[in-house]
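*Asks:* Same order as they appear, the protein sequences are chains R and A. Reminder that position 48 of the first sequence reads as 48 in the UniProt record's numbering, one-by-one numbering, no gaps. Reminder that position 22 of the second sequence reads as 22 in the UniProt record's numbering, one-by-one numbering, no gaps. Before I ask anything, let me first share the structure, which is written out below as structure tokens.
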Amino acid sequence: MRLVKCWFCSSTIYPGHGIQFVRNDAKIFRFCRSKCHKNFKMKRNPRKVKWTKAFRAAHGKDMTQDKTFEFEKKRNRPERYDRNVTENTLMAIKKIDKIRSERSAKHIEKRLKTNKPKIHIEATKELKNDITLIKAPQALLQDPKKKIKVDVSKSKSVQNEAMEE
Amino acid sequence: MATRLQFENNCEVGVFSKLTNAYCLVAIGGSENFYSAFESELADVIPIVKTSIGGTRIIGRLCAGNKNGLLVPHTATDQELQHLRNSLPDEVVVQRIDERLSALGNCIACNDHVALAHTDLDKETEEIIADVLGVEVFRQTIAGNILVGSYCALSNRGGMVHPHTSVEDLDELSTLLQVPLVAGTVNRGSEVIAAGMTVNDWTSFCGSDTTATELSVIDSIFKLREAKPSAIVDEMRKSLIDTYV
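Next comes the structure, spelled out in structure tokens:
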């Protein structure tokens, strides 16, 4: 029994699931469910179909390069069975899985996080260049700290007139 | 000395077994008679391993090997690979190959020094063969047939090829492989030599349909004949005596 990856969406295929297609050049395509199989028959490229792992890897949405991925690969030269090695491998598998999921979660968090310094720099640049959208250019030339005296005409208040009578 | 046997009433012994100088692979599921025929000849000398490849019994045609290593196709499961690795001695390197032509026993004919390969084999596969089996690889055809592994049975001391191989081809192959070759048949005229028999440096096993003539040819070309004193004298007489008075 071997758990293999779906050619289209890269999910694991468990025993008893999916369809396997063998092309005339002896290349084997394994699909986890009819959704992936039908997409393949429509000749869709998994790198362009949003929900597949291939798309997410190609567009930098998911972590691709990490040392933890090197542990899970198909090995063609077996080693003699050793009980201790097997035991250690089983324990290591759990740890590596945990580390890998933590790292990929961090990758996504980093991707979604707002980049405050970058926003600040862009804001100051905008302020410098496009301030004319808000303030008139003439107003900008005058010194804001200098006080300008404006004569205000004093008009009698209506209330006082009433009281005078 | 060549032994005649059957696997489940089938004379194609080379299909269900693989014999080398360092180990012997046998298919599972046959009667114990098949297994015990191998045991009686080889029991203490080399390990005899019962196995399947990809769940099938046609192991002789799927795998290729010599005393240095064993090559299995991608159809071999992880469990079978592990079983082979555990049962075979450490000197034998077990390697699985990803190759379009997965019947490696039909595509590769090898002994401990040299190998003939199918002309359409991948370059990577050729390199793996040279590396794992420790042999020099030649891409050749036998009697115009590309399946060299099935039409040629090879050991370190001799080889037998398809009966329709021309004399020129025979000479060419002989110089390439550095062993004496003969064009012969097995199992009452079957051309598929490697499927009908399996051979190593000191024993061989043929199908029970093999005639006495075929058996004597096999014995002589693979040098399996037991050296009785009279036999030696007969063969040496020509070289010992200069002139008859």
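Quick reminder that beta carbons are idealized off the backbone N, C-alpha and C, glycines included.
Check the C-beta distance from Val179 (chain A) over to Gly149 (chain A) and give it rounded, since I have them as a contact under 8 Å.
*Replies:* At roughly 16 Å, the Cβ-Cβ gap does not stay under 8 Å, so Val179 (chain A) and Gly149 (chain A) are not in contact.
*Asks:* Do you know whose CA, among R:Gly16, R:Arg75, R:Leu3, R:Ala57, lies nearest Ile108 (chain R)'s CA?
*Replies:* With distances taken between Cα atoms, Ile108 (chain R) lies closest to R:Ala57.
*Asks:* Could you check which residue in A:Gly184, A:Val13, A:Gly105, A:Tyr35 has the C-alpha nearest to that of Cys63 (chain A)?
*Replies:* Measuring from the Cα of Cys63 (chain A), the nearest candidate turns out to be A:Gly105.
*Asks:* For Asn10 (chain A), which beta-bridge partners are listed by DSSP?
*Replies:* Note: Asn10 (chain A) sits in a beta bridge opposite A:Phe7.
*Asks:* Measure from the C-beta of Leu70 (chain A) to each C-beta in chain R and report whether the shortest distance is under 8 Å.
*Replies:* No, Leu70 (chain A) does not count as interfacial toward chain R.
*Asks:* By DSSP, does Cys9 (chain R) sit in helix, in strand, or in coil?
*Replies:* Coil at Cys9 (chain R), not helix or strand.
*Asks:* Given a limit of 7 Å on CB to CB distance, which residues of the segment 95-129 of chain R reach chain A?
*Replies:* Flagged: no residues at all.
*Asks:* Pick out the complete alpha helix (DSSP H) segments inside the segment 128-167 of chain A, 4 residues or longer, and give them in chain order.
*Replies:* Qualifying alpha helix (DSSP H) stretches, in chain order: 148-151.
*Asks:* For the segment 135-149 of chain A against the segment 107-120 of chain A, are there 3 or more C-beta pairs whose distance is under 8 Å?
*Replies:* At 8 Å Cβ cutoff, the stretches touch.
*Asks:* Can you find a C-beta in chain A that's less than 8 Å from the C-beta of Glu72 (chain R)?
*Replies:* No, Glu72 (chain R) lies away from the interface with chain A (no Cβ there is under 8 Å from its Cβ).
*Asks:* On the three-state DSSP scale, how would you describe Thr51 (chain A)?
*Replies:* Reduced to three states, the DSSP call for Thr51 (chain A) is strand.
*Asks:* Run through DSSP, which three-state label would Arg80 (chain R) get?
*Replies:* DSSP places Arg80 (chain R) in coil when its eight states are reduced to three.
*Asks:* When the Cβ atoms of the segment 4-11 of chain R are set against those of the segment 24-39 of chain R, are three or more pairs found closer than 8 Å?
*Replies:* Yes, since at least three Cβ pairs between the segment 4-11 of chain R and the segment 24-39 of chain R fall closer than 8 Å, the two stretches touch.
*Asks:* Is it true that the CB of Val13 (chain A) sits closer than 8 Å to the CB of Met197 (chain A)?
*Replies:* Yes; because the gap between Cβ atoms is below 8 Å, this pair is in contact.
*Asks:* If you measure beta-carbon to beta-carbon, which residues of the segment 60-92 of chain R are closer than 8 Å to chain A?
*Replies:* Answer in chain order: Asn76, Arg77, Pro78, Glu79, Arg80, Tyr81.
*Asks:* Pull up the distance between the alpha-carbon of His83 (chain A) and that of Pro89 (chain A), whole angstroms please.
*Replies:* Distance between the alpha carbons of His83 (chain A) and Pro89 (chain A): 12 Å.
*Asks:* Between the beta-carbon of Gly60 (chain A) and the beta-carbon of Val93 (chain A), is there less than 8 Å?
*Replies:* The answer is no: Cβ separation not under 8 Å.
*Asks:* Taking the alpha carbon of Val186 (chain A) as the point to measure from, which residue in A:Ser52, A:Phe34, A:Leu215 has its own alpha carbon closest?
*Replies:* The option with the nearest alpha carbon to Val186 (chain A) is A:Leu215.
*Asks:* In whole angstroms, give me the CA-to-CA distance for Ala117 (chain A) and Ile97 (chain A).
*Replies:* The alpha-carbon atoms of Ala117 (chain A) and Ile97 (chain A) are separated by roughly 14 Å.
*Asks:* Can you tell me whether Ala183 (chain A) is helix, strand or coil according to DSSP?
*Replies:* Three-state result, Ala183 (chain A): strand.
*Asks:* Counting C-beta neighbours from all protein chains within 10 Å, is the total for Glu87 (chain R) 16 or more, i.e. buried, or is it exposed?
*Replies:* Glu87 (chain R) is exposed by the Cβ-count criterion.
*Asks:* Residues of chain A with CB under 8 Å from Arg2 (chain R), in chain order?
*Replies:* Correct list: Thr77, Asp78.
*Asks:* Considering Cα atoms alone, identify which of A:Ser40, A:Asn33, A:Arg85, A:Val45 is closest to Thr51 (chain A).
*Replies:* The residue with the shortest Cα to Cα distance from Thr51 (chain A) is A:Arg85.
*Asks:* With distances taken Cα to Cα, identify the nearest neighbour of Met63 (chain R) among R:Ile13, R:Pro78, R:Lys110.
*Replies:* Of R:Ile13, R:Pro78, R:Lys110, the residue nearest in Cα terms is R:Lys110.
*Asks:* Distance, Cα to Cα, Glu8 (chain A) vs Glu39 (chain A)?
*Replies:* Rounded to whole angstroms, Glu8 (chain A) to Glu39 (chain A) spans 17 Å at the Cα level.
*Asks:* Output, in sequence order along the chain, the residues in the segment 1-27 of chain R whose CB is closer than 9 Å to any CB in chain A.
*Replies:* Hits within the stretch, in order: Met1, Arg2, Asp25, Ala26, Lys27.
*Asks:* Check the C-beta distance from Thr125 (chain A) over to Thr141 (chain A) and give it rounded, since I have them as a contact under 8 Å.
*Replies:* Actually they are not in contact, since the Cβ atoms of Thr125 (chain A) and Thr141 (chain A) sit about 17 Å apart, beyond 8 Å.
*Asks:* Use the C-beta contact count for Thr175 (chain A): other C-beta atoms within 10 angstroms, 16 or more gives buried, fewer gives exposed.
*Replies:* It counts as exposed.
*Asks:* Check each candidate in A:Glu127, A:Ser155, A:Glu99 and name the one with the smallest Cα separation from Leu19 (chain A).
*Replies:* Of A:Glu127, A:Ser155, A:Glu99, the residue nearest in Cα terms is A:Ser155.
*Asks:* Have a look at Asn66 (chain A) and Tyr23 (chain A) and give me their C-alpha separation to the nearest angstrom.
*Replies:* Between Asn66 (chain A) and Tyr23 (chain A), the C-alpha separation is close to 8 Å.
*Asks:* Using 10 angstroms around the beta-carbon of Thr203 (chain A), count the other beta-carbons present and answer buried if the total reaches 16, otherwise exposed.
*Replies:* Counting Cβ neighbours within 10 Å, Thr203 (chain A) comes out buried, since at least 16 surround it.
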